[in-house]
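Working notes, beginning with the structure itself.
Numbering (this note's numbering), first residue to last: 14 to 82.
Okay, here's the thing in structure tokens:
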């Protein structure tokens, strides 16, 4: 089961997976993967990220890793 995570931890997960911040719009930062096929808008205006967003973020990071193999 996925629990809410601190925003800083989620940002570290994206960076360690090779994703870069493309732009910031209000309280969201859009991250893009190194292959350029995947993007994710991370709501980083609060201290924690909700479980549903954490799940979606981890799924897209995994999907990017699998598609680049």
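Backbone N, C-alpha and C fix where the C-beta goes; we use that ideal spot for every residue, glycine too.
CB of residue i within 8 Å of CB of residue j, strictly
| i | j | result |
| --- | --- | --- |
| residue 20 | residue 61 | yes |
| residue 55 | residue 75 | no |
| residue 53 | residue 70 | yes |
| residue 58 | residue 80 | no |
Which residues DSSP lists as bridging residue i, in chain order
| i | result |
| --- | --- |
| residue 34 | 44 |
| residue 61 | 19 |
| residue 52 | 45 |
With 16 other Cβ atoms within 10 Å as the buried cut-off, status of residue i
| i | result |
| --- | --- |
| residue 14 | exposed |
| residue 77 | buried |
| residue 48 | exposed |
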